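J.: Provided herewith is a single structure, encoded as structure tokens, for subsequent inquiry.
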Amino acid sequence: MGLLDDQTQKSYYEGSNHGNYQFISLDNIINNFIFGYTGEDNLIPKVKTSTIAFHAQRSLAELSFDTFKSTKSQEITVPPSLTMTLPHDYVNYVKLTWSDASGIEHVLYPAIKTSNPQKPNQNADGTFDFDHNNDGDTDDTGESELNYASESTTSSNYTSTTPSENQNSYDDDHYSSAMGGRYGIDPAHSQVNGSYYIDDLSGKIHFSSNISGKTVILKYISDSLGTDAEMQVHKFAEEAMYKCIAYAILSTRVGIPDNVIMRLRRDKIAETRKAKIRLSNIKIEEITQTLRGMSKHIKH
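Rendered as structure tokens:
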């Protein structure tokens with residue numbers, strides 16, 4: 154029986170579930186694994202379904218980081234607070250850009266020399282302020298811990314000042330506001346697109362002041378475990394999932410011969426590498442077209 158026998162072409166094109174045939178759900182991965190890898194005379198004679206589900210989710214998360222096409226994107230207009238809340242399924246960022254009126258993206262660069270450290274409130278004499286209620290009494294219940302400010306001075310200075318490397322006043326590609334005064338600048342930060350830093354503790358992205366009001370796009374990596382709809386595997390990596398689950402189950406059991414575990418490990422690595430190559434989507438025609446451009450002579 155074909156996989157599409159229960160769906161007509163009319164229902165597909167008039168519906169909203171387009172392009173999902175290239176994926177297989179995690180539930181189907183688990184069911185197929187139970188059918189093909191467990192039971193009498195199979196690789197794993199006996200295993201709980203919950204154990205398979207646990208290792209399937211772990212394998213999905215691990216493969217999402219460097220094998221699957223798990224990059225997501227989110228677009229916002231930067232508010233006056235110059236902050237952006239990290240998405241709920243955020244794991245790591247790929248890049249941040251801002252989009253101009255023509256829809257062209259300009260890459261933002263991380264400001265690695267600033268941060269938002271915790272700032273405990275201090276009294277006039279420099280001692281720490283433990284008065285959470287501002288009633289002059291520090292003996293109240295719950296006032297034995299430090300009282301922290303909502304934002305550090307370092308962070309507020311960063312967002313309120315346009316850094317010299319981000320100043321937009323220039324003429325003929327020379328920064329007129331700093332003509333002759335930029336000796337020793339780091340070329341990696343000599344750009345006008347703007348900068349940002351990520352405060353993982355508060356779950357916020359802080360932008361430089363020249364990004365206020367602009368359309369910012371965050372491209373980030375997800376572990377594909379946020380919702381049931383996200384828990385799906387590309388068919389190019391289906392076999393890699395089976396090998397990962399099998400290796401994870403047997404490598405945690407007692408009494409399995411080392412040669413069997415090593416064979417499964419090699420199978421897992423081989424299938425993961427094969428899936429990565431397939432999902433890289435390399436097209437020889439596109440590479441050829443790019444290489445043709447390298448033969449052009451550019452006059453200086």
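Numbered continuously in the numbering used here, the sequence shown closes out at residue 453. Cβ atoms here follow ideal geometry from the backbone N, Cα and C, with glycine treated the same way. In this text the structure is predicted, and so the values were computed from the model without any measurement.
If I measure Cβ to Cβ from histidine 259 and keep anything under 7 Å in the same chain, skipping five residues before and after, which residues do I get?
T.: Residue 259 sits at position 106 when you count from the first residue of the sequence shown. Answer for histidine 259: Thr250, Trp251, Asp253 and Asn346, listed in chain order.
J.: Rounded to the nearest angstrom, what separates glutamine 227 and threonine 380 at their Cα positions?
T.: Counting from 1 along the sequence shown, the entry for residue 227 is found at position 74. Counting from 1 along the sequence shown, the entry for residue 380 is found at position 227. So the two alpha carbons sit approximately 17 Å from each other.
J.: In whole angstroms, give me the CA-to-CA distance for lysine 163 and glutamine 175.
T.: Residue mapping note: residue 163 aligns to position 10 of the sequence shown, counting from 1. Residue mapping note: residue 175 aligns to position 22 of the sequence shown, counting from 1. Taking the straight line from one Cα to the other gives about 19 Å.
J.: Please confirm if the segment 375-393 is in contact with the segment 428-443, defined as three or more CB-CB distances below 8 Å between the two stretches.
T.: Output reads yes: the segment 428-443 touches the segment 375-393.
J.: Going by CA-CA distance only, name the one from Ser404, Thr191 and Ser375 that's closest to alanine 214.
T.: Along the sequence shown, read from residue 1 onward, the residue named residue 214 stands at position 61. Looking at the Cα atoms, Ser375 is the closest of the given residues.
J.: For the putative contact between tyrosine 301 and proline 273, defined by C-beta atoms under 8 Å, what is the C-beta separation to the nearest angstrom?
T.: Mapped onto the sequence shown, residue 301 falls at position 148. Mapped onto the sequence shown, residue 273 falls at position 120. Taking the Cβ atoms as the reference, tyrosine 301 lies roughly 5 Å from proline 273, within the contact range of under 8 Å.
J.: Determine the DSSP secondary structure at valine 413, reduced to helix, strand or coil.
T.: As a working mapping, residue 413 is identified with position 260 in the sequence shown. DSSP places valine 413 in helix when its eight states are reduced to three.
J.: Could you give the residue range of the beta strand (DSSP E) that holds phenylalanine 218?
T.: Numbered from 1 along the sequence shown, position 65 holds the residue referred to as residue 218. Premise fails: phenylalanine 218 lies in the alpha helix (DSSP H), 202-219, not in any beta strand (DSSP E).
J.: Let me know the secondary structure DSSP gives aspartate 326 once reduced to three states.
T.: Residue 326 sits at position 173 when you count from the first residue of the sequence shown. With a pLDDT of 48 at aspartate 326, under the threshold of 50, the predicted position of this residue should be treated as unreliable, and no value is reported.
J.: Excluding five sequence neighbours on each side, which residues of the same chain lie with their C-beta closer than 6 Å to the C-beta of lysine 396?
T.: By 1-based counting over the sequence shown, the position of residue 396 is 243. Taking C-beta separations shorter than 6 Å and ignoring five residues to either side along the sequence, the partners of lysine 396 in its chain run Asp420, Lys421 and Glu424, following chain order.
J.: Would you call the segment 195-204 and the segment 216-225 in contact, with 3 or more CB pairs under 8 Å?
T.: no
J.: Output needed for aspartate 325: all residues of its chain with C-beta closer than 7 Å, excluding positions within five of it in sequence on either side, in chain order.
T.: The residue labelled residue 325 in the question sits at position 172 within the sequence shown. With a pLDDT of 45 at aspartate 325, under the threshold of 50, the modelled position of this residue cannot be trusted; read the value that follows with caution. Cβ within range, chain order: n/a, list empty.
J.: Assuming isoleucine 114 contacts isoleucine 205 (C-beta within less than 8 Å), just tell me the rounded distance between them.
T.: Any property of residue 114 remains undetermined from this structure, which presents the chain solely from 154 to 453.
J.: Over the uninterrupted beta strand (DSSP E) stretch that includes glutamine 385, give me the two end residues.
T.: Translated into positions along the sequence shown, residue 385 becomes position 232. Note, glutamine 385: beta strand (DSSP E), 385-387.
J.: Assuming threonine 306 is part of the alpha helix (DSSP H), what are its boundary residues?
T.: Here residue 306 refers to the residue found at position 153 when the sequence shown is read from its first residue. Where threonine 306 is concerned, the enclosing alpha helix (DSSP H) stretches over 306-313.
J.: Evaluate tyrosine 400 with the Cβ neighbour count: other Cβ atoms within 10 Å of its Cβ, from every protein chain shown; 16 or more gives buried, anything less gives exposed.
T.: The residue given as residue 400 occupies position 247 in the sequence shown. Buried: at least 16 other Cβ atoms inside 10 Å.
J.: Taking the alpha carbon of asparagine 184 as the reference point, which residue from Glu438, Met394 and Val413 has its own alpha carbon closest?
T.: Stepping through the sequence shown from its first residue, residue 184 is reached at position 31. The option with the nearest alpha carbon to asparagine 184 is Met394.
J.: Which whole-angstrom value describes the C-beta separation of leucine 261 and tyrosine 190, a residue pair presumed to lie in contact below a C-beta threshold of 8 Å?
T.: Translated into the one-based positions of the sequence shown, residue 261 becomes position 108. Translated into the one-based positions of the sequence shown, residue 190 becomes position 37. At roughly 46 Å, the Cβ-Cβ gap does not stay under 8 Å, so leucine 261 and tyrosine 190 are not in contact.
J.: Leaving out five residues before and five after glutamine 409 in sequence, what residues of the same chain have Cβ atoms less than 6 Å from its Cβ?
T.: Walking along the sequence shown from the start, residue 409 turns up at place 256. In the sequence as displayed, the identity of residue 409 is isoleucine instead of glutamine. The residues are Leu403.
J.: So, at 8 Å on beta carbons, what are the nonlocal neighbours of valine 413 in its own chain, with the 5 sequence-adjacent residues on each side left out?
T.: Taking the first residue of the sequence shown as 1, we reach residue 413 at position 260. Taken in chain order, the residues that qualify are Leu403.
J.: Is the separation between the beta-carbon of isoleucine 182 and that of valine 386 shorter than 8 Å?
T.: Indexing the sequence shown from 1 puts residue 182 at position 29. Indexing the sequence shown from 1 puts residue 386 at position 233. Contact: yes.
J.: For histidine 208, count neighbouring Cβ atoms within 10 angstroms of its own Cβ and tell me buried if that reaches 16, exposed if not.
T.: As a working note, residue 208 is residue 55 in the sequence shown. When all chains shown are included, histidine 208 counts as buried.
J.: Could you tell me the boundaries of the alpha helix (DSSP H) in which phenylalanine 186 lies?
T.: The residue labelled residue 186 in the question sits at position 33 within the sequence shown. Here the alpha helix (DSSP H) through phenylalanine 186 covers 179-190.
J.: Can you check which of these residues, Ile435, Gly356 and Ser377, is closest to threonine 236 by C-alpha distance?
T.: Mapped onto the sequence shown, residue 236 falls at position 83. Ranked by Cα distance from threonine 236, the first of Ile435, Gly356 and Ser377 is Gly356.
J.: Quick one, which of Arg416, Leu371 and Ser305 has its alpha-carbon nearest proline 240's?
T.: Taking the first residue of the sequence shown as 1, we reach residue 240 at position 87. Ranking Arg416, Leu371 and Ser305 by Cα distance to proline 240 puts Leu371 first.
J.: Determine whether the beta carbon atoms of threonine 238 and threonine 267 lie at a separation below 8 Å.
T.: Residue mapping note: residue 238 aligns to position 85 of the sequence shown, counting from 1. Residue mapping note: residue 267 aligns to position 114 of the sequence shown, counting from 1. Against a cut-off of 8 Å, the Cβ pair of threonine 267 and threonine 238 comes out as no contact.
J.: Taking just the CA atoms, how far does glutamate 439 sit from tyrosine 166?
T.: Translated into the one-based positions of the sequence shown, residue 166 becomes position 13. Translated into the one-based positions of the sequence shown, residue 439 becomes position 286. In a straight line, the C-alpha of tyrosine 166 is about 29 Å away from that of glutamate 439.
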